[in-house]
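S.K.: Structure provided below as structure tokens; questions to follow.
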Amino acid sequence: MGITQKEIAKNLGISYMTVNRALNSNGYVSDVLKQKILKYAKEMGYEPHRASQVLVRNSTRKLALFSSTLPRYFWDEINKGVQVAAQQLKAFDYEVHYHRVPELDTQAYLALLEQEIEQGVEAVALVNQRMYDIDAVIRRIEQAGLPYVTFNIDAPESKRCTYIGSDYSAGGRLAADFIARTLQLSEKKEVLVLQCTEQDLTQAKGPNINKMRLEGFLDLMNQSFPEITVHLEYFDTKLQAEEKDNQILNLVRNYRDKVQAMYLIPAFNTDFLSALETAGVSDTITVLHDLDSAALYHLKTRLLSAVIDQSPTLQGYYTVMALEKILESKQPADLPLIQIDHNLVLTENRNLIHGLSAARLMS
Numbered sequence: 031m032g033i034t035q036k037e038i039a040k041n042l043g044i045s046y047m048t049v050n051r052a053l054n055s056n057g058y059v060s061d062v063l064k065q066k067i068l069k070y071a072k073e074m075g076y077e078p079h080r081a082s083q084v085l086v087r088n089s090t091r092k093l094a095l096f097s098s099t100l101p102r103y104f105w106d107e108i109n110k111g112v113q114v115a116a117q118q119l120k121a122f123d124y125e126v127h128y129h130r131v132p133e134l135d136t137q138a139y140l141a142l143l144e145q146e147i148e149q150g151v152e153a154v155a156l157v158n159q160r161m162y163d164i165d166a167v168i169r170r171i172e173q174a175g176l177p178y179v180t181f182n183i184d185a186p187e188s189k190r191c192t193y194i195g196s197d198y199s200a201g202g203r204l205a206a207d208f209i210a211r212t213l214q215l216s217e218k219k220e221v222l223v224l225q226c227t228e229q230d231l232t233q234a235k236g237p238n239i240n241k242m243r244l245e246g247f248l249d250l251m252n253q254s255f256p257e258i259t260v261h262l263e264y265f266d267t268k269l270q271a272e273e274k275d276n277q278i279l280n281l282v283r284n285y286r287d288k289v290q291a292m293y294l295i296p297a298f299n300t301d302f303l304s305a306l307e308t309a310g311v312s313d314t315i316t317v318l319h320d321l322d323s324a325a326l327y328h329l330k331t332r333l334l335s336a337v338i339d340q341s342p343t344l345q346g347y348y349t350v351m352a353l354e355k356i357l358e359s360k361q362p363a364d365l366p367l368i369q370i371d372h373n374l375v376l377t378e379n380r381n382l383i384h385g386l387s388a389a390r391l392m393s
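Just so we're aligned, residue 31 is where the sequence shown starts under this note's numbering, counting upward by one.
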């Protein structure tokens with residue numbers, strides 16, 4: 031048990047009501063005395079009782095999260111974690127809204143943000159995505175005086191309180207390590223890497239996660255496995271609008287008999303797996319990022335060898351909990367970064383990994 035408000039009052043030689051007012055900001059206490067109480071409470075590890083906080087507050091606290099809509103399977107997994115956290119916080123009078131904004135529509139983004147501000151949102155989480163003018167979004171958040179965090183993609187140069195997500199370069203290195211070690215006994219060691227050009231985002235600012243993955247992959251290959259030949263091929267991003275074409279299929283067909291491994295970097299899992307089936311790819315190491323229903327199925331059929339997964343459900347959960355911690359702590363100080371490690375998902379452990387996030391959320 032941590033120290034109580036009554037014990038703080040006794041140890042400092044002041045009244046319980048004075049301590050209660052200082053810790054809950056619900057009455058007058060001189061600035062000097064308030065700072066003394068807050069400092070002592072922090073040093074002694076004081077943790078407020080959640081039920082009493084709700085009674086003192088007597089109002090609903092609102093949190094808002096923002097992301098894009100694509101790929102849907104990924105943000106659906108994020109939403110699962112968001113909803114678990116929202117349900118846990120509901121008893122403490124928290125309301126959580128998660129907005130998925132149409133791609134390339136900054137005006138829609140700002141309109142949703144403005145709506146949340148007008149309705150009294152107290153803390154915000156956002157993904158630093160290149161398809162929006164995130165600088166404008168952050169300016170409005172800061173203008174409104176709201177604390178905010180980033181999740182999934184960081185904005186380290188901003189005033190965000192923390193980041194909840196993965197190291198994308200590490201994801202690329204994990205893919206390289208798996209492929210290289212799996213090809214150790216192969217006579218030929220060649221791998222096809224599929225990357226997208228992001229033609230519609232040539233003027234975009236902010237982190238390029240696919241570029242980070244590629245850099246991590248190539249760095250490890252060049253440093254530790256120089257005997258492996260890497261064939262890097264690009265396709266454009268028309269597929270992101272769900273248009274169907276044969277770009278990925280043609281690349282897979284061209285390299286089907288030339289390489290012993292294929293690695294897909296961007297989020298076109300369905301198109302890639304369909305291309306592998308159509309082209310009749312077999313006895314080839316195949317790797318992509320993030321679990322969806324197609325990836326889970328083809329891990330079972332062994333058309334897919336491995337998935338580099340970044341636990342989106344946990345990202346959603348921890349993001350909501352980080353916002354709640356910021357509001358309840360009443361402290362503007364930055365929180366430690368919440369690093370979500372990548373999982374290497376194989377045929378043998380696919381069910382275990384898929385259920386792990388849910389189990390951790392309920393524990």
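No residue lacks a Cβ here, since even glycine has one placed at the ideal position from N, Cα and C.
Is it buried or exposed for Asp165, if we count other Cβ within 10 angstroms and need 16 for buried?
M.R.: The residue is exposed, with fewer than 16 neighbouring Cβ atoms inside 10 Å.
S.K.: Give the single residue among Leu134, Ser98, Gln173 whose Cα lies nearest to the Cα of Ser152.
M.R.: The sequence shown places Glu at residue 152, rather than the Ser named in the question. Ranking the options by Cα distance to Glu152, first place goes to Gln173.
S.K.: Out of Val62, Lys36, Arg102, point me to the one whose CA is closest to Thr300's CA.
M.R.: If we check each option's Cα against that of Thr300, Arg102 comes out closest.
S.K.: Closest by CA to Asp313, which one among Ala71, Lys330, Leu334, Ala324?
M.R.: The candidate whose alpha carbon is nearest that of Asp313 is Leu334.
S.K.: Measuring only the C-alpha atoms, how far is Lys241 from Phe122?
M.R.: Distance between the alpha carbons of Lys241 and Phe122 is about 41 Å.
S.K.: Quick one: any contact between the segment 182-201 and the segment 210-228, if contact means 3 or more CB pairs under 8 Å?
M.R.: No, because fewer than three Cβ pairs between the segment 182-201 and the segment 210-228 fall closer than 8 Å, the two stretches do not touch.
S.K.: By DSSP, does Val282 sit in helix, in strand, or in coil?
M.R.: Val282: helix per DSSP, three-state reduction.
S.K.: Using a Cβ-Cβ cutoff of less than 7 Å, which residues in the same chain neighbour Lys219 once the five nearest sequence positions on both sides are dropped?
M.R.: Closer than 7 Å at Cβ, skipping near neighbours: Leu213, Glu257, Ile258, Thr259, Gln290.
S.K.: What separation, rounded to the nearest whole angstrom, lies between the Cα atoms of Gln137 and Asn284?
M.R.: Whole-angstrom Cα-Cα distance: 42 Å.
S.K.: Would you call the segment 62-76 in contact with the segment 92-110, where contact means no fewer than 3 C-beta pairs closer than 8 Å?
M.R.: The segment 62-76 vs the segment 92-110: no contact.
S.K.: For Glu144, does the count of other Cβ atoms within 10 angstroms reach 16, so buried, or fall short, so exposed?
M.R.: With fewer than 16 other Cβ atoms within 10 Å, it is exposed.
S.K.: With a cut-off of 8 Å on the beta carbons, I'd call Ala155 and Leu367 a contact; round off their distance for me.
M.R.: Contact flag wrong, Cβ pair sits at about 14 Å.
S.K.: Expressed to the nearest angstrom, what Euclidean distance is found between the alpha-carbon atoms of Glu245 and Gly201?
M.R.: C-alpha separation (whole angstroms): 10 Å.
S.K.: May I ask you to report which of helix, strand or coil DSSP gives Asn379?
M.R.: Asn379: coil per DSSP, three-state reduction.
S.K.: Buried or exposed: where does Tyr264 fall if 16 or more other Cβ atoms within 10 Å of its Cβ makes it buried?
M.R.: Exposed: under 16 other Cβ atoms inside 10 Å.
S.K.: Could you check how far apart the C-beta atoms of Ala71 and Leu53 are, in whole angstroms? I think they sit under 8 Å.
M.R.: 6 Å between Cβ atoms; contact.
S.K.: Could you have a look at Tyr193 and say whether DSSP puts it in helix, strand or coil?
M.R.: The answer is strand: DSSP assigns Tyr193 an E or B state.
S.K.: Pull up the CB-CB distance for Val179 and Thr349, whole angstroms please, since I reckon it's below 8 Å.
M.R.: Confirmed, Cβ separation roughly 6 Å.
S.K.: Just verifying my parser: in three-state terms, what is the DSSP assignment at Thr308?
M.R.: Residue state, collapsed to three classes: helix.
S.K.: Got a sec, what are the start and stop residues for the beta strand (DSSP E) Arg91 sits in?
M.R.: Start and end: 91-98.
S.K.: Using a Cβ-Cβ cutoff of less than 6 Å, which residues in the same chain neighbour Leu215 once the five nearest sequence positions on both sides are dropped?
M.R.: Excluding residues within five positions, none has a Cβ falling inside 6 Å.
S.K.: Excluding the 5 residues preceding and the 5 following Gly111 in the sequence, name in chain order all residues of the same chain whose CB lies nearer than 8 Å to its CB.
M.R.: For Gly111, where only same-chain residues beyond five positions count, the Cβ hits under 8 Å are Pro342, Thr343, Leu344, Gln345, Gly346, Tyr347, Tyr348, Thr349, Val350, Ser387, Leu391.
S.K.: So if DSSP puts Val317 in a beta bridge, which residue, or which two residues, is it bridged to?
M.R.: In the DSSP output, where bridge partners are listed per residue, Val317 has Tyr293, Ala336.
S.K.: Tell me which residue opens and which closes the alpha helix (DSSP H) that Ala185 is part of.
M.R.: No alpha helix (DSSP H) holds Ala185; DSSP gives it neither H nor E.
S.K.: Taking only the alpha-carbon atoms, compute the straight-line gap between Leu374 and Glu148 and give it to the nearest angstrom.
M.R.: About 43 Å.
S.K.: Helix, strand or coil: how does DSSP classify His328 here?
M.R.: Of the three classes helix, strand and coil, the one that applies to His328 here is helix, per DSSP.
S.K.: Using 8 Å as the threshold, is the C-beta distance between Phe104 and Asp371 below it?
M.R.: No, these two residues do not count as a Cβ contact at 8 Å.
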